[in-house]
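**Student:**
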Amino acid sequence: MANVLIIDDDPFIGELLIAIAEAVGHDGEKALTLKEGMALAREERFDVVFLDVILPDGNGLDALPELQLLSNMPEVIIITGQGDSKGAELAINSGAWDYIAKPASQEEYMLHMKRVFQYRTEKQSSSPKLGHHNIVGRSESIVRCLGQAAKAAESHVGVLLLGETGTGKELFARAVHDNSMRRTGPFIIVDCASIPENLVESILFGHERGAFTSADKSQEGLIAKADGGTLFLDEVGELPLSLQKSFLRVLQERTYRPVGGNEEKQSDFRLVAATNRDLDALVQSGRFREDLLYRLQAFTIELPPLRQRGDDINKLSRYYLNKLAVDFDAPPIAIANEFLDALKSYPWPGNVRELFNVLEQVFTSNPGAGEFLPIHLPVRLRVSAAQASVQPKHEIKNSLTLIKGNKSRKPQDRTTDIPMPEVNIPDANRLPPFKEYRDEAIINAEKIYLEQLILISKANMSEAAKISGISVSRLYALLKKHNIKKQYSVE
Numbered sequence: 134m135a136n137v138l139i140i141d142d143d144p145f146i147g148e149l150l151i152a153i154a155e156a157v158g159h160d161g162e163k164a165l166t167l168k169e170g171m172a173l174a175r176e177e178r179f180d181v182v183f184l185d186v187i188l189p190d191g192n193g194l195d196a197l198p199e200l201q202l203l204s205n206m207p208e209v210i211i212i213t214g215q216g217d218s219k220g221a222e223l224a225i226n227s228g229a230w231d232y233i234a235k236p237a238s239q240e241e242y243m244l245h246m247k248r249v250f251q252y253r254t255e256k257q258s259s260s261p262k263l264g265h266h267n268i269v270g271r272s273e274s275i276v277r278c279l280g281q282a283a284k285a286a287e288s289h290v291g292v293l294l295l296g297e298t299g300t301g302k303e304l305f306a307r308a309v310h311d312n313s314m315r316r317t318g319p320f321i322i323v324d325c326a327s328i329p330e331n332l333v334e335s336i337l338f339g340h341e342r343g344a345f346t347s348a349d350k351s352q353e354g355l356i357a358k359a360d361g362g363t364l365f366l367d368e369v370g371e372l373p374l375s376l377q378k379s380f381l382r383v384l385q386e387r388t389y390r391p392v393g394g395n396e397e398k399q400s401d402f403r404l405v406a407a408t409n410r411d412l413d414a415l416v417q418s419g420r421f422r423e424d425l426l427y428r429l430q431a432f433t434i435e436l437p438p439l440r441q442r443g444d445d446i447n448k449l450s451r452y453y454l455n456k457l458a459v460d461f462d463a464p465p466i467a468i469a470n471e472f473l474d475a476l477k478s479y480p481w482p483g484n485v486r487e488l489f490n491v492l493e494q495v496f497t498s499n500p501g502a503g504e505f506l507p508i509h510l511p512v513r514l515r516v517s518a519a520q521a522s523v524q525p526k527h528e529i530k531n532s533l534t535l536i537k538g539n540k541s542r543k544p545q546d547r548t549t550d551i552p553m554p555e556v557n558i559p560d561a562n563r564l565p566p567f568k569e570y571r572d573e574a575i576i577n578a579e580k581i582y583l584e585q586l587i588l589i590s591k592a593n594m595s596e597a598a599k600i601s602g603i604s605v606s607r608l609y610a611l612l613k614k615h616n617i618k619k620q621y622s623v624e
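In the working numbering, the protein residues as written are 134 to 624.
1) Can you list, in chain order, the stretches of the beta strand (DSSP E) that have 3 or more residues and sit fully within the segment 419–495?
2) Taking Gly163 as part of the beta strand (DSSP E), name the residues at either end of that continuous run.
3) Can you say whether Lys378 is buried or exposed, counting buried as having 16 or more other CB atoms within 10 angstroms of its CB?
4) So, Leu295 versus Glu435, is the Cβ gap smaller than 7 Å?
5) Which residue's Cα is closest to the Cα of Arg442: Thr300, Asn331, Lys247, Ala359?
6) Quick one, are the C-beta atoms of Leu304 and Ile268 less than 7 Å apart?
7) On a Cα-Cα basis, can you pick out the residue from Leu188, Asp401, Pro198, Pro373 that is closest to Val290?
8) In the structure shown, what three-state DSSP assignment does His289 receive?
9) Note down the Cα distance separating Lys613 from Leu200, rounded to an integer number of angstroms.
10) Out of curiosity, what's the CA-to-CA distance linking Tyr452 and Pro565?
11) Count the other C-beta atoms from every protein chain shown that fall within 10 angstroms of the C-beta of Glu177, then say buried if there are 16 or more, exposed otherwise.
12) Exposed or buried, which one is Ser517 when buried takes at least 16 other CB atoms within 10 Å?
13) Using CA coordinates, which residue listed in Phe432, Gln239, Leu364, Ile275 is at the minimum distance from His310?
14) Could you check the C-alpha separation between Leu488 and Ala407 for me, to the nearest Å?
15) Cβ of Thr166 within 7 Å of Cβ of Pro189?
16) How big is the Cα-Cα spacing for Val137 and Ala156?
17) Using the Cα positions of Gly280 and Ala308, report the straight-line distance between them to the nearest angstrom.
18) My guess is that Pro373 and Gly339 are in contact by the Cβ rule of under 8 Å, so how many angstroms apart are they, rounded?
19) Going by DSSP, what residue range makes up the alpha helix (DSSP H) through Ile600?
20) Give the DSSP-derived three-state secondary structure of Lys235 in the structure shown.
21) So for Pro322, helix, strand or coil by DSSP?
22) Given a threshold of 16 other Cβ atoms within 10 Å of its Cβ, counted over all protein chains shown, does Ile356 qualify as buried or as exposed?
23) What does the Cβ neighbour count give for Glu148, buried or exposed, with the cut at 16 atoms within 10 Å?
24) Strictly by DSSP, which residues pair up with Asn136?
25) Helix, strand or coil for Arg277, going by three-state DSSP, please let me know.
26) Just tell me which of Ile146, Asp413, Asp185 has its CA closest to the CA of Gln239.
27) So, are the CB atoms of Ile600 and Ser590 less than 7 Å apart?
28) How long is the line joining the alpha carbons of Gln417 and Ser450, rounded to whole angstroms?
29) Assign His340 to one of three DSSP states: helix, strand, or coil.
30) Just how far apart, CA to CA, sit Ile151 and Lys163?
31) Which of helix, strand or coil does DSSP assign to Val249?
32) Reducing DSSP to helix, strand and coil, say where Phe505 ends up.
33) I need the straight-line Cα distance from Asp460 to Ala326, nearest angstrom please.
34) Thinking C-alpha only, which one of Val491, Tyr609, Glu596, Pro438 is nearest Ser272?
35) Using DSSP with H/G/I as helix, E/B as strand and the rest coil, what is Phe380?
36) Quick check: the Cα distance between Gly394 and Ala285, rounded to an integer number of angstroms?
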């Protein structure tokens, strides 16, 4: 027997879903507000949560991250009367099990109930684990990616890894291979960005002797070498358009023909592709085949940038500095908290790769250091840390200016200074609970940030996502939440 929680302000929906849960042998409870529902969810005794989006006291989608961090990890099904494609995309990308638009029939609710319990039973019986000794970090975003990689490793479908340069796409590709049934086979890397366009076909498919001027002997291609293992196509967005049709055929038929050859040959490999490019944009511009993109997207994992991984910077730094000490046969060097704080204040455009390069520079340049301090860091990081340390004072000054004389200033006028959010000063006789006061400040801060973001990016959502580090689907949800779309054009 399992437990179902329904968080929906429509009492009829709650009663209906409880009746359906009981009909299939499970218990159900309902909550009419997000606050009440999350209080029940934190008891960690529910297997499935049906979660409405528009609730009297908040947006249900905002509760998804906390629900995913619960130790019992309930499956979450979003139910909403204001269904739209972007909301569905956001729900699934945020980890929801499924998305149901109201009104739905009793049969539809029953089917989802049966399917989610079937899935949960199978998941608990298998519980895939991923061996990932080189992937460091326990942030929510990286743990989610590790779980996705574990599922991918159990399957035979192709995997597409998305993420900025330096986020660890090759590490995840290796982890998928090492934990798959093909682990004893070869792991062949093809760096599409570094191969000259006129040689890509020969390197991938191989060639026969005399196929071209310098072909003095037959050469086996990387597709042939990947037989029985994994072919890792790094920077797949750089694959020449002229070759994409041939490669699509290889993926569909698992057969290929070497350059200059007349015979079809076979290779049984599993494809893992990676890119830091926007493949949808490349398709729109005619530089990438849409049918190839569909083939690559069988299982997609989007790796987070380092700036979104919180305390993982501390773990990664300690891990790599200790590794350097072992590699150089040197004793470990202490790390000051101020050193780690300085690392966390930097945005890391080059992500983990840049972090490791900086740490290696620090380690090799300061062999006599008894403890690593901010002074040992490159100048650009020290400048970033210094700026971060004075920023709050600057923001407070701006906020006071706004409160004293600029309360009527329109959001569109805020083109240079980004002020601290205004928070209502509480009555001396009624100080609100800390959480209520904090939540109000966060809501106001989000709204001001988003207004500035739309202005700076000129309502270009791809640019806004790049600046903020937030996915486009999440941005749309936040703009809708704060009703900003009515004030600014975001198309």
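All C-beta atoms, glycine included, are put in the ideal place defined by N, C-alpha and C.
**Tutor:** In terms of the structure at hand:
1) Listed in chain order, the complete beta strand (DSSP E) runs (minimum 3 residues) inside the segment 419–495 are 433–435.
2) Just to set this straight, residue 163 is Lys in the shown sequence, not Gly. Judged by DSSP secondary structure, Lys163 falls within the beta strand (DSSP E) whose first and last residues are 160–164.
3) Exposed is the call here.
4) Yes, the Cβ-Cβ distance between Leu295 and Glu435 is below 7 Å.
5) When each option's Cα is compared against that of Arg442, the closest is Thr300.
6) Cβ atoms of Leu304 and Ile268: closer than 7 Å.
7) Here the closest residue by C-alpha is Asp401.
8) Coil, per DSSP.
9) Roughly 22 Å separates the two Cα atoms.
10) Roughly 43 Å separates the two Cα atoms.
11) Looking at its Cβ environment, which holds fewer than 16 other Cβ atoms inside 10 Å, Glu177 is exposed.
12) Per the 10 Å Cβ criterion, buried.
13) When only C-alpha atoms are compared, the closest one is Leu364.
14) So the alpha carbons of these two residues sit roughly 21 Å apart.
15) Taking 7 Å as the Cβ cut-off, Thr166 and Pro189 qualify as a contacting pair.
16) In a straight line, the C-alpha of Val137 is about 12 Å away from that of Ala156.
17) So the two alpha carbons sit approximately 11 Å from each other.
18) The C-beta separation of Pro373 from Gly339 comes to about 17 Å, leaving the pair out of contact by the 8 Å criterion.
19) Per DSSP, Ile600 belongs to the alpha helix (DSSP H) from 594–601.
20) Coil, per DSSP.
21) In the sequence as displayed, the identity of residue 322 is Ile instead of Pro. Correct three-state label for Ile322: strand.
22) Buried is the call here.
23) Flag for Glu148 reads exposed.
24) Answer is Asp160, bridged to Asn136.
25) Here DSSP, grouped into helix, strand and coil, assigns Arg277 to helix.
26) Cα-wise, what sits closest to Gln239 is Ile146.
27) Taking 7 Å as the cut-off, the Cβ atoms of Ile600 and Ser590 count as close.
28) When rounded, the distance between both Cα atoms is 40 Å.
29) The answer is strand: DSSP assigns His340 an E or B state.
30) Using only the alpha carbons, I get a separation of about 8 Å.
31) Helix at Val249.
32) Phe505 falls in the strand class under three-state DSSP.
33) Straight-line Cα distance between these residues: approximately 30 Å.
34) Among Val491, Tyr609, Glu596, Pro438, the Cα nearest to that of Ser272 belongs to Pro438.
35) DSSP places Phe380 in the helix class (H, G or I) of the three-state scheme.
36) Per the coordinates, the alpha-carbon of Gly394 lies some 35 Å from the alpha-carbon of Ala285.
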